[in-house]
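Everything on this sheet refers to the single structure shown next.
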Amino acid sequence: MTRDVWAYSEYDSVANEVLTAANETANSISGRAVMVDLAGIRDGTASFGHKLVLKGSGLPSASPEVAAEALYRAAKAAGPDVIMVGATKNGREIASRLAVKLGRGCLADVAKVSSDGRTLSGERGEYAGKVQTRVSSALPCVAAIKVGSYTAAAAGQGEVAELQVGELSSRSKPVSERKREAAKVDLKAAKIIVSAGRGVKKKEDLGLIESLAKALGGTMGCSRPLSSDLGWLPEEYHIGLTGVNVKPELYLAVGISGQLQHIAGIRDSKVVAAINTDKEAPIFQAADYGIVGDLYQVVPALEKALASRHG
Amino acid sequence: MKIAVCVKHAVDETELKIGPSGGPVLAGAAAKMSTFDKNAVEEALRIRSSLGGEVVIFTVGPADARKSMKEALAMGADRGVHVVADTEALDSMLVSDALGKAIHNSGPFDLVFCSEGASDTYCGQVPPMLGERLGFSYAGYARKVEVAGGSSKVERTLEDSVETVECPLPLVVSVVSEINEPRYPTLIQIMQASKKPVEEATLAQLGASVQPLVKVESMVAQPMNRKRVVIEGTPEECAGKLVDALAKEGVLPR
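Right, dumping it as structure tokens:
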């Protein structure tokens, strides 16, 4: 019997990352990776190798409740060893629901996944990134794969199969969906990030930060208070445990005190620099270079220094 | 309106110490109510104040978890149910099973509040697992909850959009911190909290599973090896020195 490792995400880019994890796992258990597609919504995209298209009434659907039930019915019929789901917000719900439906273990937000054929294990950051924990579950199991922890799989050729999963519906009904303004920036892929925190006094002053980011050829980000509490920037700018985890070459924290939950999101940065008026701010413990000073003076000075370097 | 709130007595990540073997010292580590759970308690209290009813706190954890229970009661919840269990051998499947059974036994509830994830482990699995186990409708990552006439409207904050969903009650919802500003209990409320009733139950009494399906294989501390160079001088001098240092690191655009 073939041992299948399924990969699923509602986002194409994440699905391709999950497929890489599935390919690696499949190789180590002499099995095959299969991209699962709900109702052929990926027909137009590149071939993903082996593909299983689930068809049923109510599909395609944006509801994680529906996706979980569809995957469950398919899993009962096809018996994969592992179901990997991209750990987006909806993906975590899908993976968790699947685990309950199947009565199996579920690894949460894991990277560096490996299998010995009997169990699946993976690594996850815990305690605001202070600890890397390796967790495992007996096969078959479910795993939510940390977004951004694998590079996207290259397109490949493979079999395409279809499976009918019947009628599906969700208890909750969408009323409206407001797409955020198309993200101008991809913080996950950014090489240089200049990030703003509470030290910025007014929303208008974000122009200073944006201007410096531009001078560096980088991208602006922010700490949680600016996006979540003050609403000065959309949520996709929020860097930290509950926001985006970044890994730039240079992370410049401006007016950010450096709560552990923020640090958790910048640990993988190559170089961290910080500007803050409070010399006791925890950000300085998490930075390679620290300037104790007023961002309103230091940021323009930095821009000048950068300009003269090129001049 | 009968409202349940699930609260985790979480390891205080800011106080966590690393032992000589390179792993965290979890035995006896300082613990506190998981940061975002306060938002869940606050939202339940907010709905109780407009629609009336009762707020019941549920927690699964060792005897020490009573502290977080007390904190939630001090914020204004009416009573609590403490499922006594050893923290080190718990996974999301086990905790959601215990919470689901405890909530079912003390029900029926109209609403169950959780936070998006615990501040120590941040798995985010228990809330959707609970929704699935209870067979309630579910909305994760809520930044706004409105309840009226047996139904609810929930604004969910997702990666690239804000989605509004209508969910029939009963409903399990996980909240994000932007939903509200949690209140601080007064000294009198803190004193009164110890008099509020808390029921105790064990996993066995609930008929809940006692074997976690996910096991911890190893834990390795991730020390932050930063240079911590302090740059001093006038703003201009500091700026110049930082640019030089970053150029030397090779992280500036050419």
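If you read the sequences in order, they're chains A and B.
First residue of the first sequence: 4, per the numbering used here; consecutive thereafter.
First residue of the second sequence: -7, per the numbering used here; consecutive thereafter.
Even glycine gets a Cβ: it sits at the ideal position worked out from N, Cα and C.
Predicted model, so just to flag it, every value in this text is computed and none were measured.
Bounds of the beta strand (DSSP E) holding V73 (chain B) are R71 to V76.
Annotated three-state conformation of I32 (chain A) is coil, per DSSP. From the beta-carbon of G220 (chain A), the residues of chain B found nearer than 7 Å are P245.
Bridge partners of F50 (chain B) according to DSSP: B:C(-2) and B:V73. Secondary structure note for N279 (chain A): it is in no alpha helix (DSSP H), and the uninterrupted beta strand (DSSP E) holding it is V274 to N279.
For K30 (chain B), the CB contacts under 6 Å within the same chain, skipping 5 residues up- and downstream, are P174 in chain order. DSSP places E165 (chain A) in the uninterrupted beta strand (DSSP E) bounded by V163 to E170. Pairing V145 (chain A) with G68 (chain B), the inter-Cα distance amounts to about 38 Å. Taking C-beta atoms under 8 Å as the contact rule, G52 (chain A) and Q160 (chain A) qualify, at a distance of about 7 Å. Of the other Cβ atoms in all chains shown, 16 or more fall within 10 Å of the Cβ of E96 (chain A); this residue is therefore buried. Around L126 (chain B), the same chain offers G92, I95, H96, V104, P162 and V164 as residues with beta carbons nearer than 8 Å, after the five sequence neighbours per side are excluded. Relative to the Cα of A231 (chain B), the nearest Cα in the group A:K176, A:G296, A:L236 and A:Q167 belongs to A:G296. In this structure, V3 (chain B) lies near D112 (chain B), with their beta-carbon atoms less than 8 Å apart.
The three-state secondary structure of A90 (chain A), taken from DSSP, is coil. Within the stretch 89 to 116 of chain B, those residues whose Cβ lies closer than 8 Å to any Cβ of chain A are, in chain order, E108, G109, S111, D112, T113, Y114, C115 and G116.
Listed in chain order, the positions of the stretch 141 to 162 of chain A with a beta carbon within less than 9 Å of a beta carbon of chain B are A141, C144, A147 and V150.
Between the alpha carbons of E165 (chain A) and V39 (chain A) lies a distance of about 10 Å. For E68 (chain A), the closest Cβ of chain B is nearer than 8 Å. In this structure V118 (chain B) is not in contact with A134 (chain B), their Cβ atoms being roughly 15 Å apart against a cut-off of 8 Å.
In terms of Cβ geometry, L253 (chain A) and A276 (chain A) form a close pair [threshold 8 Å]. V137 (chain B) and S175 (chain A) have their alpha carbons spaced roughly 13 Å apart. Every beta strand (DSSP E) stretch that sits fully inside the stretch 228 to 280 of chain A and reaches 3 residues is listed by chain position as 253 to 257 and 274 to 279. In chain order, A267 and R270 place their CB closer than 6 Å to the CB of G132 (chain A), counting only its own chain and leaving out the 5 sequence neighbours on each side. Y130 (chain B) has B:V164 as its beta-bridge partners, per DSSP. A Cβ-Cβ separation of about 26 Å leaves N172 (chain B) out of contact with E7 (chain B) under the 8 Å criterion. Three or more Cβ pairs drawn from the stretch 57 to 72 of chain B and the stretch 33 to 49 of chain B lie within less than 8 Å of each other, which places the two stretches in contact. In the same chain as G82 (chain A), and ignoring 5 residues on each side of it, no C-beta atom comes closer than 6 Å to its own. A contact between stretches requires three or more CB pairs, one per stretch, nearer than 8 Å, and the stretch 193 to 212 of chain A fails this requirement with the stretch 146 to 154 of chain A.
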